[in-house]
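Input: a single structure, listed below in structure tokens.
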Amino acid sequence: VLLRLFPCMVILRLLQTHNLWKHELIMCIVNSGFSETVMDAARELGARGGTVIRARGTANAEAEKHYGIAVQPDKEIVMILVDSSLKNDILHAIYKAAGLNTPGQGIAFSMPVESVVGLSDGKLPISTIRPTSAGLTKF
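Numbering of the sequence shown is given in my numbering, commencing with residue 15 and proceeding in unit increments.
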């Protein structure tokens, strides 16, 4: 029944379970001025670089009370594309260096990346896995 109702969710879970995603995008939202702390922690574990975007938080007093932290409105979003085998170690390092219990008050999460072009790893420029009616096909 679930397969008929949510086929995309089943395929996504299958890909995640079998670690068929080659890359993951780690995103970390930290207080302004802490993006280098995030990048230093990630680089120590194999990340090669990242992109920082300036942002503004919109948490209200209710959210601050619920999480027990004061929310600084000026934020930085750090995006880091990593090999999926590095993801968990990098997420834990970021949490230790710039998590909610630090001055950076960061949160981090990851998303699987289906296709990548432009990386200089000496391999083919595109790695893609696509679901088909016969199963999964790697291109």
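Every residue gets a Cβ at the ideal spot worked out from N, C-alpha and C, and that includes glycine.
No experiment lies behind these values; they were computed from the predicted model shown.
Starting from the Cα of methionine 41, find the closest Cα among Glu58, Trp35 and Ile67 and give me that residue. Here residue 41 refers to the residue found at position 27 when the sequence shown is read from its first residue. Of the listed residues, the one whose Cα sits closest to methionine 41 is Ile67.
Fully enclosed by the stretch 77-127, which alpha helix (DSSP H) runs are 4 residues long or longer? 101-112
According to DSSP, is threonine 51 part of a helix, a strand, or is it coil? As a first step, residue 51 must be located in the sequence shown, where it is residue number 37. Helix at threonine 51.
Shortest alpha-carbon distance to glycine 160 belongs to which of Thr51, Leu95, Leu100 and Ala69? A query on residue 160 cannot be resolved here, the shown segment of the chain reaching from 15 to 153 and no further.
Opposite leucine 39 in the DSSP bridges: which residues? The residue given as residue 39 occupies position 25 in the sequence shown. Beta-bridge pairing links leucine 39 to Leu95 and Met125.
Which one of Lys79, Arg70, Asn115 and Lys101 has the shortest CA to CA distance from glutamate 90? Locating residue 90 in the sequence shown gives position 76, counting from the first residue. Cα-wise, what sits closest to glutamate 90 is Arg70.
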